[in-house]
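Visitor: What follows is a structure written as C-alpha cells; I'll ask about it next.
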Amino acid sequence: MKNPLISSASSRKKPKLSVCVITYNHEKYIRQCLQSLVDQQVCFDYDIVVGDDASTDGTRKIISEFEDRYPGKVRAFLHDENVGPCQNYRDVHFQARGEYIAHIDGDDYWMPWKLQQQSDFLDSHHECVAVYGNAVVISDDQSLLGAFNDRIPEVFDLDFLLARGNFLNNSSLCYRTIHRERVLPDGDFLDYLVHLRLGCIGKLGYLNKALVVYRAGSATSVLLNLSNVCRELSWEALHAAQLMPVSKDAERSAMSLFFFDVLHEGVRRFDIPFMLHWTQRIYADSGGMGSSAMLAGLFRAVLFLVMAPTRRMRRFFFGSPSFRVFHGR
Numbered sequence: 054m055k056n057p058l059i060s061s062a063s064s065r066k067k068p069k070l071s072v073c074v075i076t077y078n079h080e081k082y083i084r085q086c087l088q089s090l091v092d093q094q095v096c097f098d099y100d101i102v103v104g105d106d107a108s109t110d111g112t113r114k115i116i117s118e119f120e121d122r123y124p125g126k127v128r129a130f131l132h133d134e135n136v137g138p139c140q141n142y143r144d145v146h147f148q149a150r151g152e153y154i155a156h157i158d159g160d161d162y163w164m165p166w167k168l169q170q171q172s173d174f175l176d177s178h179h180e181c182v183a184v185y186g187n188a189v190v191i192s193d194d195q196s197l198l199g200a201f202n203d204r205i206p207e208v209f210d211l212d213f214l215l216a217r218g219n220f221l222n223n224s225s226l227c228y229r230t231i232h233r234e235r236v237l238p239d240g241d242f243l244d245y246l247v248h249l250r251l252g253c254i255g256k257l258g259y260l261n262k263a264l265v266v267y268r269a270g271s272a273t274s275v276l277l278n279l280s281n282v283c284r285e286l287s288w289e290a291l292h293a294a295q296l297m298p299v300s301k302d303a304e305r306s307a308m309s310l311f312f313f314d315v316l317h318e319g320v321r322r323f324d325i326p327f328m329l330h331w332t333q334r335i336y337a338d339s340g341g342m343g344s345s346a347m348l349a350g351l352f353r354a355v356l357f358l359v360m361a362p363t364r365r366m367r368r369f370f371f372g373s374p375s376f377r378v379f380h381g382r
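Going letter by letter, the sequence shown gives residues 54 to 382 in the numbering used here.
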C-alpha cells in the first residue's frame, strides 16, 4: 500500500530518531501510548510513524486525532486490509527517516526520558548497534506485576543473548537505521530474531532502568492469542542462530531454556502429547545437541522446583505470583 505521506516527508529535514508504532485494535491503549511518545523530553528532532493493521475498533480515529494535532511529527500509515503483525512491523520500520529507530507496540507506553537516554547511549557507544532497557510490567487493569528482567550487563554480545533466551523487551528497542535491511526478516518472525540479527552485527547495549511500561496479557497480545505460533517462531529463531557466529554452549543453553518452557507449558496444561511432540521435534532437528539440551532443561525444571518448593511449584503449575522478575535467569 502506498503511503501518501512519503513524498512530502522526503523533502523535510530528517529527524535524528524515528519512533515506529504498530497497532491493531488498540483503542483501549493507543491514546496513552501516543501521548507518551509526543511527551518525550528530548533535545533533538524526532518523528513518529504509526502503522495500523486495519483495526476494526476506534484505533484509527485516535491515530488520526494525533496526526492532526501534531502535523509533521506524527505520520499515519494505515492499511486498508489486514496484513499481519510482521508485515506491519516491516512496513512501519521502512518508513523511518531518522538515524535511529525506536520501536513500540501500541499497547505499551514509555517513560518521558526514554528516547533521550537511549540516543545518548548510542551516541557514546559506537560499538553498539542497538540499545534496550528495562520495563515495568503491568496487567490489563494497570496493576503492577513486576520488572521485565534483571541482572543484564550494560553491554553484551550475541552469545549472552542466545544463552539467556529472549529476555529483551521489544518496546524498548532502539537501533541504528543503517542496519535496518539486514535485521528485518522476511515472512513471519518473532522480535527475538531481530535481536539476534542485531547481535550478529555488533554489541548490544542495555539500560537497567525503567524506560517502558509493558502490558502483560492484554486482550490484543500476540503471545496470549497465538502462543503456539509464537513457540514455533521461537524455535525457528533458534534454528537461525545455528548459522550465526555463536558458541555451542550458547546454543545448548538456548535449547535447554526452550525445552524448560515446553515442560512448563505442558505441565500447566496437563498436555503430555504436547511435550512428546516437542521432545521428538527437538531431537529430530538437533540430534545429539538436542538430547543434551533437553536433559539440561529437565534438570533446570527439577532444580527450579526443589529450590523453593511451595512458591515455585505454584508458579510452575498455576502461573506467576503477584510480583516477580519476568525474564530473570
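All residues carry an ideal CB built from backbone N, CA and C; glycine is no exception.
Excluding the 5 residues flanking residue 251 on each side, which residues of the same chain have their C-beta closer than 8 Å to its C-beta?
Guide: 182, 183, 228, 232, 236 and 257
Visitor: To which residues of the same chain is residue 299 closer than 8 Å at the C-beta, ignoring the five residues directly before and after it?
Guide: 211, 212 and 215
Visitor: So does the segment 258-266 actually touch the segment 302-319, counting three or more Cβ pairs closer than 8 Å?
Guide: no
Visitor: For residue 102, which beta-bridge partners are listed by DSSP?
Guide: 73 and 128
Visitor: Would residue 81 pass as a contact of residue 150 if the rule is Cβ separation under 8 Å?
Guide: no
Visitor: Is it buried or exposed for residue 194, if we count other Cβ within 10 angstroms and need 16 for buried?
Guide: exposed
Visitor: Note the first and the last residue of the continuous alpha helix (DSSP H) segment covering residue 81.
Guide: Looking at the DSSP string, residue 81 is not in any alpha helix (DSSP H), and its letter there is neither H nor E.
Visitor: So the candidates are 125, 97, 124 and 129; which of them puts its Cα closest to the Cα of residue 83?
Guide: Out of 125, 97, 124 and 129, 129 has the C-alpha closest to the C-alpha of residue 83.
Visitor: On the CB-based measure, 16 or more other CB atoms within 10 Å of its CB, does residue 71 come out buried or exposed?
Guide: Buried.
Visitor: Does the separation of the CB atoms of residue 224 and residue 156 fall below 8 Å?
Guide: yes
Visitor: Is the Cβ-Cβ distance between residue 241 and residue 165 less than 8 Å?
Guide: no
Visitor: Over what stretch of residues does the alpha helix (DSSP H) that includes residue 215 continue unbroken?
Guide: 211-217
Visitor: Distance, Cα to Cα, residue 101 vs residue 289?
Guide: 31 Å
Visitor: Taking the alpha-carbon positions, what's the residue 323 to residue 190 distance?
Guide: 27 Å
Visitor: Can you check DSSP and say which residues form a bridge with residue 229?
Guide: 153
Visitor: State yes or no: is the C-beta of residue 192 within less than 8 Å of the C-beta of residue 125?
Guide: At a Cβ-Cβ threshold of 8 Å, residue 192 and residue 125 do not count as neighbours.
Visitor: Please name the residue, chosen from 133, 176 and 331, that lies closest to residue 285 on a Cα-to-Cα basis.
Guide: The residue with the shortest Cα to Cα distance from residue 285 is 331.
Visitor: Could you tell me which residues DSSP puts in a beta bridge with residue 268?
Guide: 191
Visitor: Please list, in chain order, all residues of the same chain as residue 94 whose beta carbon is under 7 Å from its beta carbon, the five residues on each side excluded.
Guide: 165, 166 and 169
Visitor: From the DSSP output, in three-state form, read off residue 240 for me.
Guide: coil
Visitor: Name the residue from 308, 239 and 261 whose alpha carbon lies nearest to the alpha carbon of residue 341.
Guide: 308
Visitor: Using DSSP with H/G/I as helix, E/B as strand and the rest coil, what is residue 163?
Guide: In the structure shown, residue 163 sits in a strand (DSSP, three-state: E or B).
Visitor: Measuring alpha carbon to alpha carbon, tell me which of 222, 197 and 198 ends up nearest residue 205.
Guide: 222
Visitor: What does a CB cutoff of less than 8 Å around residue 132 pick up in its chain, not counting 5 residues either side in sequence?
Guide: Only 54, 104, 105, 106, 107, 141 and 144 meet the Cβ criterion.
Visitor: Using beta-carbon positions only, say whether residue 79 and residue 137 come within less than 8 Å of one another.
Guide: no
Visitor: By the 10 Å Cβ neighbour count, where 16 or more other Cβ atoms means buried, how is residue 113 classified, buried or exposed?
Guide: buried
Visitor: Please report the straight-line C-alpha distance between residue 254 and residue 302, rounded to a whole angstrom.
Guide: 20 Å
Visitor: What is the DSSP secondary structure of residue 257, reduced to helix, strand or coil?
Guide: strand
Visitor: Are the beta-carbon atoms of residue 246 and residue 293 separated by less than 8 Å?
Guide: For residue 246 and residue 293, yes; Cβs fall inside 8 Å.
Visitor: Comparing alpha-carbon positions, which option in 334, 316 and 172 lies nearest residue 96?
Guide: Checking every option, the nearest Cα to that of residue 96 belongs to 172.
Visitor: Could you have a look at residue 336 and say whether DSSP puts it in helix, strand or coil?
Guide: In this structure, residue 336 counts as helix in the three-state DSSP scheme.
Visitor: According to the Cβ coordinates, are residue 316 and residue 291 closer than 8 Å?
Guide: no
Visitor: According to DSSP, is residue 86 part of a helix, a strand, or is it coil?
Guide: helix
Visitor: I'd like the list of long-range same chain contacts for residue 278, defined as Cβ closer than 6 Å, with 5 residues on each side in sequence excluded.
Guide: Interpretation of residue 278 is limited by its pLDDT of 46, a score under 50 that renders its predicted location unreliable; the figure taken from the coordinates is listed afterwards. Around residue 278: no qualifying Cβ.
Visitor: Alpha helix (DSSP H) containing residue 296: first to last residue?
Guide: From DSSP, residue 296 is part of no alpha helix (DSSP H); its letter is neither H nor E.
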